[in-house]
Each structure stands twice: as C-alpha cells, then as structure tokens.
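The next block holds one structure in the form of structure tokens; read it before the comments.
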Amino acid sequence: MERCGHIFCVKCLQDFYNSAIKEGNVYAIVCLDLDCGIETIGAERRRRKKKRLLAPRELLQIPLPRDTVQRYVDLKRKKRLELDKSTVWYPRK
Numbered sequence: 009m010e011r012c013g014h015i016f017c018v019k020c021l022q023d024f025y026n027s028a029i030k031e032g033n034v035y036a037i038v039c040l041d042l043d044c045g046i047e048t049i050g051a052e053r054r055r056r057k058k059k060r061l062l063a064p065r066e067l068l069q070i071p072l073p074r075d076t077v078q079r080y081v082d083l084k085r086k087k088r089l090e091l092d093k094s095t096v097w098y099p100r101k
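With the working numbering applied, the sequence shown has no gaps in its numbers, which climb one by one up to 101 at the end.
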C-alpha cells in the first residue's frame, strides 16, 4: 500500500477490491492489514485511527481495470452526498 507500506499479493488485492466495488461496499477499500491505522501510545496503550479509503490512483497501480476504479469513484461520491445532511436529492428529467 502506498501510504502505510503494507505488502500483499497482487491477485489477492485485485480479487478483494474488485468484489467489494462490484458489491458497492466502498468502505471496504482500505488497507487489509488488521493493525493498519493503530498507533501505539506509551508501552501498552493503543489507539485506532480512522481507516483511510484508498485513492483511485492506488487502485490503478494494483492494477484494477479503469472502469472498476471509475465505479469506485462514483460510489464514493454518491455515499459522501448521501451522508451530507445539507444535500437533497432532486430527480431531474
């Protein structure tokens, strides 16, 4: 992974991310390491940081098909708009 440096099998990443995007599970597009995003504070205390969604360029580097990455971008935008309370959906003809 680009930011955290974790290493995975390319085929495993392709299978997992293709499946997640196909199913519309945008929030699964993060580093697959279970300890990624956990920082150690002191000797024994640990705190989980918010998981960061992967950038489209990272998915293209794996490589995933461009149309799959475009679907991810569209789904991510749609989810962000759905969560925004100040945005109202208007079906325009």
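Note that the Cβ used here is the ideal one computed from N, Cα and C, for glycine as well. Model, not experiment: these values are computed from the prediction.
Under the 8 angstroms Cβ criterion, the segment 11 to 25 counts as touching the segment 36 to 47, having at least three qualifying pairs.
In the displayed model, Ile29 falls within a helix according to three-state DSSP. DSSP, read as helix, strand or coil, puts Val38 in coil.
For the pair of segments examined, the segment 67 to 75 was found not to touch the segment 84 to 97: the number of CB pairs separated by less than 8 angstroms stays below three. The beta carbon of Lys19 lies closer than 7 angstroms to none in the same chain, with the five residues before and after it left out. The alpha-carbon separation between Lys30 and Lys58 amounts to approximately 24 angstroms.
Its chain contains Val34 as the residues whose beta carbon lies nearer than 6 angstroms to that of Lys84, once the 5 sequence neighbours on both sides are disregarded; these appear in chain order.
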